[in-house]
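Colleague:
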Amino acid sequence: MQDLSPIAATHREPLLKVRGLSTHFTTVSGTVQAVDGVDFEIGHGEVVGLVGESGSGKTMVGFSILGLIDPPGRIAAGKVVFEGNDLVGLPERELRGLRGRRISMVFQDPLTTLSPTMRIGRQMTNVIAAHQAMPMADARQHCRDLLGKLGIPSPDERMHAYPHQLSGGMRQRVCIAMAMLNRPSLIIADEPTTALDVTTQAQILGEVRKLREETGTSFIWVTHDLAVVSELADRLLVMYAGQIVEQGSVETILNRPLHPYTKGLLDSIPTNNPDAKRLPQIPGSAPPPGIGIEGCKFRPRCGFATDTCLDKPDLKILEGTRAVRCFHPQYDVEHPLTEAMS
Amino acid sequence: MGAFLVRLLFQGIVTLLVVSIIIFVGVFAIGNPLYVLVDPSAPAEVVQETLRQLGLDRPLHEQYVRFVLSALRGDLGTSYVHALPSLELIASRLPATLELVVAGLVIAFLVGVPLGLLAGYMANNWLARLISSLSILGISLPTFWIALIMIIVFSLELGWVPTGGRGDVATVLGIETSLLTASGLAHMALPALALSLFPLALIIRLTRAGVREHNRMDYVKFARAMGISPQRILVSYVLRNILIPIVTMMGLIFGTLVAFAVVTETVFAWPGIGKLIIDSIKVSDRPVIIAYLLFVVTMFLVISFIVDLITAALDPRIRLVKAS
Numbered sequence: 155m156q157d158l159s160p161i162a163a164t165h166r167e168p169l170l171k172v173r174g175l176s177t178h179f180t181t182v183s184g185t186v187q188a189v190d191g192v193d194f195e196i197g198h199g200e201v202v203g204l205v206g207e208s209g210s211g212k213t214m215v216g217f218s219i220l221g222l223i224d225p226p227g228r229i230a231a232g233k234v235v236f237e238g239n240d241l242v243g244l245p246e247r248e249l250r251g252l253r254g255r256r257i258s259m260v261f262q263d264p265l266t267t268l269s270p271t272m273r274i275g276r277q278m279t280n281v282i283a284a285h286q287a288m289p290m291a292d293a294r295q296h297c298r299d300l301l302g303k304l305g306i307p308s309p310d311e312r313m314h315a316y317p318h319q320l321s322g323g324m325r326q327r328v329c330i331a332m333a334m335l336n337r338p339s340l341i342i343a344d345e346p347t348t349a350l351d352v353t354t355q356a357q358i359l360g361e362v363r364k365l366r367e368e369t370g371t372s373f374i375w376v377t378h379d380l381a382v383v384s385e386l387a388d389r390l391l392v393m394y395a396g397q398i399v400e401q402g403s404v405e406t407i408l409n410r411p412l413h414p415y416t417k418g419l420l421d422s423i424p425t426n427n428p429d430a431k432r433l434p435q436i437p438g439s440a441p442p443p444g445i446g447i448e449g450c451k452f453r454p455r456c457g458f459a460t461d462t463c464l465d466k467p468d469l470k471i472l473e474g475t476r477a478v479r480c481f482h483p484q485y486d487v488e489h490p491l492t493e494a495m496s
Numbered sequence: 463m464g465a466f467l468v469r470l471l472f473q474g475i476v477t478l479l480v481v482s483i484i485i486f487v488g489v490f491a492i493g494n495p496l497y498v499l500v501d502p503s504a505p506a507e508v509v510q511e512t513l514r515q516l517g518l519d520r521p522l523h524e525q526y527v528r529f530v531l532s533a534l535r536g537d538l539g540t541s542y543v544h545a546l547p548s549l550e551l552i553a554s555r556l557p558a559t560l561e562l563v564v565a566g567l568v569i570a571f572l573v574g575v576p577l578g579l580l581a582g583y584m585a586n587n588w589l590a591r592l593i594s595s596l597s598i599l600g601i602s603l604p605t606f607w608i609a610l611i612m613i614i615v616f617s618l619e620l621g622w623v624p625t626g627g628r629g630d631v632a633t634v635l636g637i638e639t640s641l642l643t644a645s646g647l648a649h650m651a652l653p654a655l656a657l658s659l660f661p662l663a664l665i666i667r668l669t670r671a672g673v674r675e676h677n678r679m680d681y682v683k684f685a686r687a688m689g690i691s692p693q694r695i696l697v698s699y700v701l702r703n704i705l706i707p708i709v710t711m712m713g714l715i716f717g718t719l720v721a722f723a724v725v726t727e728t729v730f731a732w733p734g735i736g737k738l739i740i741d742s743i744k745v746s747d748r749p750v751i752i753a754y755l756l757f758v759v760t761m762f763l764v765i766s767f768i769v770d771l772i773t774a775a776l777d778p779r780i781r782l783v784k785a786s
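From first to last, the protein sequence lines stand for chains E and C. Everything in the first sequence is counted per the numbering used here, starting at 155 for the first residue and increasing by one. Everything in the second sequence is counted per the numbering used here, starting at 463 for the first residue and increasing by one.
#1: Between I706 of chain C and T773 of chain C, which are expected to be in contact by the criterion C-beta below 8 Å, what is the C-beta distance as a whole number of angstroms?
#2: At the level of alpha carbons, what is the spacing between A188 of chain E and L175 of chain E?
#3: Would the region 726 to 743 of chain C and the region 574 to 586 of chain C be scored as touching if the rule is three or more Cβ pairs under 8 Å?
#4: I'd like the span of the beta strand (DSSP E) that includes H143 of chain E, first residue to last.
#5: Count the other C-beta atoms from every protein chain shown that fall within 10 angstroms of the C-beta of P160 of chain E, then say buried if there are 16 or more, exposed otherwise.
#6: Indicate whether at least one CB of chain C lies closer than 8 Å to the CB of S372 of chain E.
#7: Suppose you measure from the CA of T605 of chain C to the CA of F472 of chain C; what does that come to, to the nearest Å?
#8: Please report the distance separating the alpha-carbon of T475 of chain E from that of V328 of chain E.
#9: Taking K737 of chain C as the query, report the chain E residues whose CB atoms sit under 8 Å from its CB, ordered along the chain.
#10: Quick check: what's the CA-CA separation for L391 of chain E versus E311 of chain E?
#11: Please classify P547 of chain C: does DSSP put it in a helix, a strand, or coil?
#12: Residues in the region 272 to 290 of chain E with C-beta within 9 Å of chain C's C-beta atoms, listed in sequence order?
#13: Sort out for me which residues DSSP pairs W375 of chain E with in a bridge.
#14: Please list, in chain order, the chain C residues whose beta carbon lies closer than 8 Å to that of D263 of chain E.
#15: Just verifying my parser: in three-state terms, what is the DSSP assignment at L469 of chain E?
#16: Does the beta carbon of T267 of chain E sit closer than 8 Å to a beta carbon anywhere in chain C?
#17: Enumerate in chain order the residues of its own chain whose CB-to-CB distance from L763 of chain C is below 6 Å, with the five nearest sequence positions on each side excluded.
#18: So, is the C-beta of M334 of chain E closer than 8 Å to a C-beta in chain C?
#19: Whole angstroms is fine: what's the gap from T726 of chain C's alpha carbon to L657 of chain C's?
#20: Helix, strand or coil: how does DSSP classify V623 of chain C here?
#21: Against chain C, does M259 of chain E count as a neighbour if the rule is that its beta carbon must be under 8 Å from one of theirs?
#22: Given a cut-off of 8 Å on the beta-carbon distance, is the pair R389 of chain E and E200 of chain E in contact?
#23: Who are the neighbours of L220 of chain E on chain C, taking C-beta pairs under 9 Å?
#24: Determine the chain C residues that contact P270 of chain E at a beta-carbon separation under 7 Å, and present them in chain order.
#25: Would you say R255 of chain E faces chain C, with C-beta separation under 8 Å as the test?
#26: Below 8 Å, can you find three or more Cβ-Cβ pairs linking the region 432 to 442 of chain E to the region 190 to 210 of chain E?
#27: Could you pull out every residue in the same chain whose Cβ sits closer than 7 Å to the Cβ of I665 of chain C, ignoring the five residues on either side in sequence?
#28: What alpha helix (DSSP H) runs, 4 residues minimum, are completely inside the region 672 to 723 of chain C?
#29: So which residues of chain C does P250 of chain E contact, with C-beta pairs closer than 9 Å?
#30: Spatial neighbours of K451 of chain E within its chain, please: C-beta separation below 7 Å, excluding the five flanking residues on both sides.
#31: Compare the beta carbon distance of L220 of chain E and R253 of chain E with 8 Å and say whether it is the shorter of the two.
#32: Can you pull the chain E neighbours of Y699 of chain C, defined as C-beta to C-beta under 9 Å?
#33: Considering Cα atoms alone, identify which of E:P226, E:G227 and E:G243 is closest to V234 of chain E.
#34: Tell me the DSSP secondary structure of Y542 of chain C in three-state form.
#35: Report the neighbours of P776 of chain C on chain E: residues whose CB is nearer than 7 Å to its CB, in chain order.
#36: Does the beta carbon of Y316 of chain E come closer than 8 Å to any beta carbon on chain C?
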């Protein structure tokens, strides 16, 4: 997992360019800024980890890109430029043509993502039929092949099964296969392994990595698990309260985190702190949605906060893709990192 | 499946036995039918003789045992009034009611499900609101009143269809039906429509609620994220999953309509089973009342069995064979 994959070099424009994306939910008690001015890019064939606590808005970034924000939510501002076209404000019909064909998504809980009363094979071929005319026999063959590549034994039988007859891991493999059926150039994976046990998680990560090398698909891998994402991603985006607070390559972020929040996240991984009697944790909890915080949103929980932090920090670009949103980036601290991330 | 059937049969027999005791005691408590059947001014010997012939001079438990014993031979008693076996009476009136109820339910299903899907899918546009409001009317307005209004409008004012009666019938496999003659269909149109309104409104509301609930679920959002068209999601994903409660409710409604179609049948002078039971109650025709009530219980048992089968066919997670 070095730099960008070779394909990326041949393209000037990134595959996806998100600029100033803000997604708001209007509720009786006010407006919730689930996503608050997010900028990032995804290169061709690149895997980017989107990391943050629950409620930090990572899932909403995914849904915003696909145009799947339902009322009372809406994209309040920003651009989502995908393969040269801005998707924000695109008619629903055109968005639908992109979903599942050019951009796909995998959900967190495989137990609820498939329709319980429809056979796996039918649900899979529906995804093909939604976008292209392919003879049924070919479509089924294509589905079987992909299931096989994702490590599903006897895919023929699985195609006839109903979702409840498969384990969680199998079902998530089916969902991943469905997301890949039409060879999209971008897949948004929303914590796809969180609901699975560690062994299954490792297997699925391995299979996805292999398939990705084969197809060159770009991924946005949403997770709160830094260990998972460090195995898979080229680059990390760290989100807090709807904003990106730090970004950079996996190595630099894991070795030299600059934002106090990122540092706190890394410190709270057991293997990073083998000697600690008690695992350090970030004091307090993420602000409930809708609570406006003046200045830096992490300020109330931050040990380095000063009066300066009452101003809004910008995402400062340091070098290349490395950027941090903090008035007091922690350059001087030598982080006790560790091979143990994997 | 075999074990399931045996268990069901056993449950059915116990239910019937218990219900028959309740019915028997209840009907006994209503009073002695004798004074409806015999002229009060008849000589005492005649009254005594009739009492003895009908077995009404025996104590309650003896009457019940005699009833059960003959019921086991397939004899549910002979109508005091019609002098015909009560089962035969019911069987002769049942087809008229059944075809009316089935027609009403088919209308309710075919109209209600699409309207409910529309109302649930469109959420807040005026058409969806109109459908929802009308469905509340359909639930709250009394059937007999709607039936009378329909007669006034469609029969008396517009003259499109007759006001009542069954019209010509065709006989298929020994069963008379109105569905195969033009006159029969014309006669059936209004009562079937009137009967369909209540289940129609219920189906609309159930479908609408189901669509709204399921549209928020992950599997729908995932299907949308895969680019599957909204129509397809609605019909082949959502509908299939919400059909289960709808079918269950239709089973219950079917039984209720057959058992209590009395009002509609009376308004439209439809010679169905509802009219038979009302007439029998008026003259305390005990054997017919008892046979009818037992028939209704049996019908509900059969309906719930059929609903179980349909539900299992719709939902692969339900397996009837689990018991074995």
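Think of the CB as a built atom: it goes at the ideal place given N, C-alpha and C, for glycine as much as any other residue.
Modeller: Inspection of the coordinates gives the following:
#1: Between the beta-carbon of I706 of chain C and that of T773 of chain C there is about 5 Å, and that keeps the pair under the 8 Å contact cut.
#2: Each residue's Cα considered, the two are about 10 Å apart.
#3: Too few Cβ pairs lie closer than 8 Å, so no.
#4: There is simply no residue 143 of chain E to check, as chain E begins at 155 and stops at 496 in what is shown.
#5: Low confidence applies to P160 of chain E: its pLDDT is 47, below 50, so where it sits in the model is not reliable, and the reading given next is rough at best. Exposed, since its Cβ has fewer than 16 Cβ neighbours within 10 Å.
#6: S372 of chain E does not count as touching chain C.
#7: The straight-line gap from Cα to Cα measures roughly 37 Å.
#8: C-alpha separation (whole angstroms): 34 Å.
#9: Those do not exist, as K737 of chain C stays about 42 Å from chain E at its closest Cβ, beyond 8 Å.
#10: Using only the alpha carbons, I get a separation of about 40 Å.
#11: P547 of chain C carries a strand assignment under DSSP once its states are collapsed to helix, strand and coil.
#12: The region 272 to 290 of chain E vs chain C, Cβ under 9 Å: M272, R273, R276, Q277, N280, V281, A283, A284 and H285.
#13: Looking at the DSSP output, W375 of chain E shares a beta bridge with E:G203 and E:A343.
#14: Within 8 Å Cβ-Cβ: D680.
#15: In the structure shown, L469 of chain E adopts coil according to DSSP, grouped into three states.
#16: By this cut-off, T267 of chain E is an interface position.
#17: The residues are G474.
#18: Not a single C-beta of chain C is nearer than 8 Å to the C-beta of M334 of chain E.
#19: Using only the alpha carbons, I get a separation of about 7 Å.
#20: Coil.
#21: The Cβ of M259 of chain E sits closer than 8 Å to at least one Cβ of chain C.
#22: E200 of chain E is positioned such that its CB atom lies closer than 8 Å to that of R389 of chain E.
#23: Ordered by position in chain C, the residues that pass the 9 Å Cβ test against L220 of chain E are R686 and A687.
#24: Those within 7 Å of P270 of chain E in chain C are N703 and R779.
#25: Yes, its Cβ sits closer than 8 Å to a Cβ of chain C.
#26: Yes: the two stretches touch, three or more of their Cβ pairs being nearer than 8 Å.
#27: Beyond the five residues adjoining it in sequence on each side, I665 of chain C comes within less than 7 Å, by CB distance, of A570, F571, G574, V575, G578 and I708 in the same chain, given in chain order.
#28: DSSP runs (the alpha helix (DSSP H)) wholly in the region 672 to 723 of chain C: 680 to 687 and 701 to 721.
#29: The amino acid at residue 250 of chain E is misidentified as Pro; the sequence shows Arg. Among the residues of chain C, those whose CB is under 9 Å from the CB of R250 of chain E are R686, G689, I690, S691 and P692, following chain order.
#30: If we look at K451 of chain E and ignore the five residues flanking it on each side, its Cβ neighbours are Y394, A395, Q397 and P441.
#31: Contact annotation: L220 of chain E and R253 of chain E have beta-carbon atoms nearer than 8 Å.
#32: The answer, in chain order, is S269, T271, M272, Q277 and N280.
#33: Per the Cα distances, E:G243.
#34: DSSP places Y542 of chain C in coil when its eight states are reduced to three.
#35: Reading the sequence as shown, one finds Leu at residue 776 of chain C and not Pro. Within chain E, the residues near L776 of chain C are T271.
#36: Judged by the 8 Å Cβ criterion, Y316 of chain E is in contact with chain C.
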